[in-house]
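Take 12 as the starting number for the first sequence in the working numbering and just add one per residue. Don't be surprised by glycine CBs; every beta carbon is placed ideally from N, CA and C. Here is the structure we will look at.
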Amino acid sequence: MEDLLTNNLPGTRDLLPDEIARWQMIEHHARRLFFQYGFLEIRTPIIESTDLFARGIGSDTDIVGKEMYTFIDQSNRSVTLRPEATASVVRAFIQNTMYRGGGATKLYYIGPMFRHEKKQKGRWRQFYQIGAETLGSDHPAIDAEMIEMALRLIESLGIKARLLINSVGCKNCRPQYVDLLRSELQNYVPNLCEDCRRRSGSNSLRVLDCKVESCQPFIAQLPVITDHLCAECSGHFGRVKSFLEDAAIPYEILPRLVRGLDYYVRTAFEIVSGDLGAQNALAGGGRYDGLSEILGGPPAPAIGFALGLDRLVMVLPEDSISRWEWRPELLIAYMGEPAFRRALTIARELRTEGRSCYIDFSGGSLKSQFRLANKLKAEHVLIIGEEELASDRYSIKKMADGRQWEITRAELGSYLKTLKES
RNA sequence: GUGAGCGUAGCUCAGCUGGUAGAGCUCUGGAUUGUGGCUCCAGCGGUCGCGGGUUCGAACCCCGUCGCUCACCCCA
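Written as structure tokens, this is what we have:
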């Protein structure tokens, strides 16, 4: 297939009605939960100035270096489809002086992101994130609260996952650690894999999460950042852990956890699932205390996370989504043109009363209309034929048990209404 | 960007050492002239991803190309 007209772009996909209930359910849970924690929704543009991401995310990162959908628009401006939303949220925070309210600013978003990566299980070029950001506080309890909120969402969906945390230090202690790491690495260079040899000088931190078997013994002997944090970072990390313990949240410290975005400092965390394949992160996040200033805003320590909505959908248990599936309360079946007209009138009246009804316009037999009702999982079928037209009393059939009886037009509305309310 | 595997009906797939395509599900209709889900019967539906080559003959072999999948990389 190379038909450009009838094929979507690689890494993009259609979300069809069959699976949309899963998405809506997750989004609904997220909105309700985030509201409970005091987060309000923000919707920022999907497209932003390229500079925002280049400076916000860091020009050395893979995202900025090779994964962004960037193009020059008709105004000769370099623009980019957002690869993530944190930079946009911080930009909006600054631009709209949201820091003036006093206290922390808590925001969440739901929407598509774009990265030009090779498609893989759990990885798309257009993918969806649910994210939350708290700006204006460096209190460790905020770190713990956000982790708790992300875990709550995942658990409320019936998904099993593990929490991994780390502290990646700050602009004071991390460079010292990286220097130490780099010099230690020199001792092992001949033994490391090709990638690690290359990374050991320029991108030493990346060596830590190398997955090549032969590198593991040497990586295990390397110094760990949590042993080399400055007093402030160490204290912060200790208090985050303590707040997590107060909340009875089990965590695993993973000193090798390094995030791919430059702006992260101190707390970094990831929530992983065993059911996802190689791309196993359901959520990732961390603190980015300096980002506001990098983008020209006021000092505003902040922390945020993003959940991969597509990945949540993948591991969502099959049960308990049925009530999110749309099903008509009533399908109105008819025989003949006069009955069709009556059906339209009754449907219009019922819809005005807030009921959902479906009419088959294909003009098929009563049997085919019943088949359709069955396929759509309509709860009831109303039958309009010659007898019903004349008497204004209709046959109604409950599909679940096959029971059928007669009902007047006036009784119909209240019958369906009562059903919904009970 | 690198590597491996795979592209046959709407979907899931079969098709032995090359002899120009089949099943299940879905869909439509009938058995039930005004009634679904089960069963039975019938029917619709395919340039075998695309292009070229070998051959009397290619879904099958060869080359190229596009696409998909998984993995590396990286991340949600």
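So, Val276 versus Cys181, is the Cβ gap smaller than 8 Å? yes
Leaving out five residues before and five after Ile153 in sequence, what residues of the same chain have Cβ atoms less than 8 Å from its Cβ? Ala115, Thr145 and Ile314
Same chain only: Cβ atoms within 6 Å of Ala8, ignoring 5 sequence neighbours per side: Summary: the structure shown does not reach residue 8, with the chain confined to residues 12 through 433, and so no result is reported for it.
Can you name the residues that DSSP bridges to Glu59? Thr91
In three-state DSSP terms, what is Glu13? Note on Glu13: pLDDT 43, under 50, position unreliable in the model; no value is reported.
In the structure shown, what three-state DSSP assignment does Phe138 receive? strand
Gln415: first and last residue of the uninterrupted beta strand (DSSP E) it sits in: Gln415 to Thr419
Quick one: what's got a C-beta closer than 7 Å to Asn183's C-beta in the same chain, skipping five residues either side? Cys241
Limits of the beta strand (DSSP E) - the one that Gly297 falls within: Ala292 to Arg298
Is it buried or exposed for Glu417, if we count other Cβ within 10 angstroms and need 16 for buried? exposed
Go through its chain and collect everything with a Cβ distance to Glu399's Cβ below 6 Å, but skip five positions before and after it. Around Glu399: Tyr405.
Among Cys244, Phe254, Pro309 and Gly297, which residue has its Cα nearest to the Cα of Ala143? Gly297
Local conformation of Lys409 per DSSP, three classes: Look at Lys409 here: in three-state DSSP terms it is strand.
Kindly indicate which three-state DSSP category Thr97 falls into: helix, strand or coil? helix
Would you please state the rounded distance, in angstroms, between the beta carbons of Leu174 and Phe280? I believe it to be under 8 Å. 7 Å
Taking all protein chains shown into account, decide if Asn18 is buried (16 or more other Cβ within 10 angstroms of its Cβ) or exposed. exposed
For Cys204, which residues of its own chain have a beta-carbon under 7 Å away from its beta-carbon, when the five flanking residues on both sides are left out? Cys221, Val223, Ser225 and Cys226
On the CB-based measure, 16 or more other CB atoms within 10 Å of its CB, does Trp337 come out buried or exposed? exposed
Sort out for me which residues DSSP pairs Tyr80 with in a bridge. Answer is Leu92, bridged to Tyr80.
N-terminal and C-terminal residue of the alpha helix (DSSP H) that Thr116 is part of: Per DSSP, Thr116 belongs to no alpha helix (DSSP H); it is in the beta strand (DSSP E), Thr116 to Phe125.
Could you check where the alpha helix (DSSP H) with Leu174 kicks off and where it finishes? No alpha helix (DSSP H) contains Leu174, which is instead part of the beta strand (DSSP E) from Arg173 to Ser178.
In the DSSP assignment, find the beta strand (DSSP E) that holds Thr356 and state where it starts and stops. Where Thr356 is concerned, there is no enclosing beta strand (DSSP E), although the alpha helix (DSSP H) around it starts and stops at Glu348 to Thr363.
For Ile314: DSSP bridge partner residues: Here Ile314 is bridged, per DSSP, to Thr145 and Arg298.
In its own chain, which residues sit with a C-beta less than 8 Å from the C-beta of Ser89, not counting the 5 before and 5 after it? For Ser89, where only same-chain residues beyond five positions count, the Cβ hits under 8 Å are Ser60, Thr61, Asp62, Thr81, Phe82 and Ile83.
Own chain residues within Cβ distance below 6 Å of Lys388, not counting five before or after: Arg338
Which class does Glu52 belong to by DSSP, given the choice of helix, strand or coil? strand
Do Leu162 and Ile260 have their beta-carbon atoms positioned less than 8 Å apart in this structure? yes
Among Pro309, Asn202 and Arg414, the one whose alpha carbon lies nearest that of Arg111: Out of Pro309, Asn202 and Arg414, Pro309 has the C-alpha closest to the C-alpha of Arg111.
Which whole-angstrom value is the C-beta distance of Leu233 and His40, which I expect to be below 8 Å? That belief does not hold up - the Cβ atoms of Leu233 and His40 are roughly 40 Å apart, past 8 Å.
Taking only three categories from DSSP, how would you classify Gln47? helix
Which residue comes first and which comes last in the alpha helix (DSSP H) that contains Phe381? Leu377 to Leu387
Nonlocal neighbours in the same chain, by C-beta distance under 6 Å from Glu95, ignoring five residues either side: Met124
Measuring only the C-alpha atoms, how far is Cys244 from Ser178? 8 Å
Since Arg136 contacts His127 with CB under 8 Å, what's their CB separation in whole angstroms? Confirmed, about 6 Å.
C-alpha gap between Ala437 and Phe104, whole angstroms: A question about residue 437 goes unanswered here, because the residues of the chain that appear run from 12 up to 433.
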